[in-house]
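J.: Residue numbers (numbering that gives the first Met the number 0): 0 to 251. Yeah, the Cβ is synthetic: ideal placement off N, Cα and C, and Gly gets one too.
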Amino acid sequence: MSELDFTVRGERGPALVLVHGFPLDRRIWQGVVPKLPPAVRLILPDLRGHGRSALPPGPCTIDDYARDLLGLLDELAIAKAFIAGHSMGGYILFAIHRIAPDRIAGGALVSSRALADTEDGRKTREATAQRAEKEGPGFLAGTMPEKAVGSSPPAGVLDTLRTVIRSAQAKGVAAASRAMASRPDATPQLSRVTFPMVVFAGRGDKIVPAAESEAMAKAIPGAKLVWCEQSGHVPMLEEPDLVARELGALVG
Ligand code: MLT
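#1: So, is residue 248 buried or exposed, given that buried needs 16 or more other C-beta atoms within 10 angstroms?
#2: Verify the contact flag: residue 230, CB atom, against every heavy atom of ligand 1, threshold strictly below 7 Å.
#3: Tell me which same chain residues have a C-beta within less than 8 Å of the C-beta of residue 179, skipping the five on either side of it?
#4: Here's a check: name, in chain order, each residue in its chain whose Cβ is nearer than 7 Å to the Cβ of residue 72, leaving out the five neighbours to either side.
#5: Quick one: Cα of residue 233 to Cα of residue 76, how far?
#6: Going by Cα to Cα distance, which pick from 54, 5, 52 and 70 is closest to residue 40?
#7: Would you say the beta carbon of residue 70 is closer than 7 Å to some non-hydrogen atom of ligand 1?
#8: Which partner residues of residue 44 appear in the DSSP bridge assignment?
#9: Relative to the C-alpha of residue 69, which residue among 46, 53, 152 and 155 is closest?
#10: If the criterion is Cβ atoms closer than 8 Å, does the pair residue 230 and residue 201 meet it?
#11: Within the continuous alpha helix (DSSP H) that includes residue 199, where are the two ends?
#12: Rounded to whole angstroms, what is the Cα-Cα separation between residue 99 and residue 134?
#13: Does at least one heavy atom of ligand 1 sit under 7 Å from the Cβ of residue 194?
#14: For residue 156 versus residue 236, is the C-beta spacing smaller than 8 Å?
#15: Report yes or no: do three or more beta-carbon pairs, one from the stretch 154-168 and one from the stretch 190-197, lie closer than 8 Å?
#16: Rounded to the nearest angstrom, what separates residue 145 and residue 23 at their Cα positions?
#17: If you draw a straight line from the alpha carbon of residue 128 to that of residue 190, how long is it in whole angstroms?
#18: Can you tell me which of the three DSSP states residue 219 falls into?
#19: Give the secondary structure of residue 242 by DSSP, where H, G and I count as helix, E and B as strand, and everything else as coil.
#20: Can you find the residues in the same chain that come closer than 6 Å, C-beta to C-beta, to residue 131, ignoring five residues on each side of it along the sequence?
#21: Just the C-alpha distance for residue 13 and residue 111, rounded to the nearest angstrom, thanks.
#22: Tell me the residue span of the alpha helix (DSSP H) that contains residue 178.
#23: Can you tell me which of the three DSSP states residue 249 falls into?
#24: Could you work out which residue in 57, 107, 30 and 49 is closest to residue 223 when comparing CA atoms only?
#25: According to DSSP, what are the bridge partners of residue 227?
Shown next as structure tokens:
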């Protein structure tokens with residue numbers, strides 16, 4: 000287990016953990032945080048090897064990120080939390096569901112998917128990992144932001160993504176690429192989800208096709224599918240009002 004750097008807003012009330020995706024950090028939730036009800040206790044971690052959290056030596060799996068978050072909940076004496084995961088953060092939510100389902104009060108999958116990587120996808124991940132180790136993660140700031148947004152992102156979103164990605168940790172990016180490549184298919188879990196779940200789908204998502212999000216939502220009993228009509232892969236940056244409203248409703 001790794002100690003995480005994190006931000007907390009509020010001391011009591013239902014806990015909501017906002018888990019960022021790859022190769023990002025907690026700053027991607029900055030537009031959503033002020034719009035969430037003040038009665039919600041917010042926890043924003045940087046995953047190991049991301050943002051201000053250190054990467055322990057050795058390789059890691061998606062389950063390790065999940066155990067880190069469970070350790071953080073223990074540290075904060077939170078028995079059960081709502082957990083919203085963006086993309087890779089959603090893979091981690093599925094891992095928590097496998098390891099400790101009783102710790103989840105409700106979940107949100109933001110532009111995420113249940114399916115594991117294809118063989119080709121795994122090769123691309125390894126190439127990304129090796130390139131990040133060799134030259135640093137800066138090259139991702141050139142390729143990822145354009146791919147991550149829809150056709151007309153709000154002003155500043157591309158810059159935010161570039162800034163966050165440029166500051167990513169090379170070893171953290173490599174470790175996360177390999178962890179994602181080795182994650183299992185979460186599809187068999189979908190029918191076993193017993194907590195309230197919201198699935199956010201960006202209509203213009205070029206990374207997780209909208210149809211895949213729709214199919215995933217249909218396979219989760221009682222899940223609410225929220226279409227983000229103006230978004231690509233980062234609705235928390237592209238439509239923060241909508242994301243905050245739906246997360247607020249989830250937490251109640
Ligand atoms: C993410 O946003 O976390 C990544 O795009 C996830 C992935 O590459 O599968």
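T.: Straight from the coordinates:
#1: Your numbering for residue 248 matches position 249 in the sequence shown. It is exposed - the Cβ of residue 248 has fewer than 16 other Cβ atoms within 10 Å.
#2: Start at 1 with the first residue of the sequence shown, and residue 230 comes out as number 231. Not under cutoff, so the answer is no.
#3: Indexing the sequence shown from 1 puts residue 179 at position 180. Answer for residue 179: 21, 61, 87, 90, 116 and 124, listed in chain order.
#4: By 1-based counting over the sequence shown, the position of residue 72 is 73. For residue 72, where only same-chain residues beyond five positions count, the Cβ hits under 7 Å are 80 and 102.
#5: Working through the sequence shown from its first residue, we reach residue 233 at position 234. Working through the sequence shown from its first residue, we reach residue 76 at position 77. Answer to the nearest angstrom: the Cα atoms are 30 Å apart.
#6: Along the sequence shown, read from residue 1 onward, the residue named residue 40 stands at position 41. Selected option, being the one with the closest Cα: 5.
#7: Here residue 70 corresponds to residue number 71 of the sequence shown, with the count starting at 1. Outside the cutoff, so no.
#8: By 1-based counting over the sequence shown, the position of residue 44 is 45. Residue 44 pairs with 5.
#9: In the sequence shown, the residue the question calls residue 69 occupies position 70. Per the Cα distances, 46.
#10: Numbered from 1 along the sequence shown, position 231 holds the residue referred to as residue 230. Numbered from 1 along the sequence shown, position 202 holds the residue referred to as residue 201. Yes, they are a contact pair.
#11: Within the sequence shown, numbered from 1, the residue matching residue 199 stands at position 200. First-last for residue 199: 196-201, but that is the beta strand (DSSP E), not the alpha helix (DSSP H).
#12: Here residue 99 corresponds to residue number 100 of the sequence shown, with the count starting at 1. Here residue 134 corresponds to residue number 135 of the sequence shown, with the count starting at 1. Their Cα atoms are separated by approximately 37 Å.
#13: Within the sequence shown, residue 194 is the residue found at index 195, counting from 1. Flag unset: Cβ of residue 194 not near ligand 1.
#14: Reading the sequence shown from its first residue, position 157 is the one you call residue 156. Reading the sequence shown from its first residue, position 237 is the one you call residue 236. Cβ atoms of residue 156 and residue 236: closer than 8 Å.
#15: no
#16: One-based indexing of the sequence shown puts residue 145 at position 146. One-based indexing of the sequence shown puts residue 23 at position 24. Each residue's alpha carbon lies about 15 Å from the other.
#17: Working through the sequence shown from its first residue, we reach residue 128 at position 129. Working through the sequence shown from its first residue, we reach residue 190 at position 191. Taking the straight line joining both Cα atoms gives about 33 Å.
#18: Walking along the sequence shown from the start, residue 219 turns up at place 220. Coil at residue 219, not helix or strand.
#19: Looking up residue 242 in the sequence shown gives position 243. Three-state DSSP puts residue 242 in a helix.
#20: Counting from one through the sequence shown, the residue named residue 131 turns up at place 132. Contacts found: 169, 172 and 173.
#21: Sequence index remark: in the sequence shown, residue 13 carries index 14 (1-based). Sequence index remark: in the sequence shown, residue 111 carries index 112 (1-based). About 23 Å.
#22: Counting from one through the sequence shown, the residue named residue 178 turns up at place 179. Residue 178 -> alpha helix (DSSP H) spans 169-180.
#23: Locating residue 249 in the sequence shown gives position 250, where the first residue counts as 1. Residue state, collapsed to three classes: helix.
#24: As a position in the sequence shown, residue 223 is number 224, starting the count at 1. Ranking 57, 107, 30 and 49 by Cα distance to residue 223 puts 107 first.
#25: The sequence position of residue 227 within the sequence shown is 228, counting from 1. Answer is 201.
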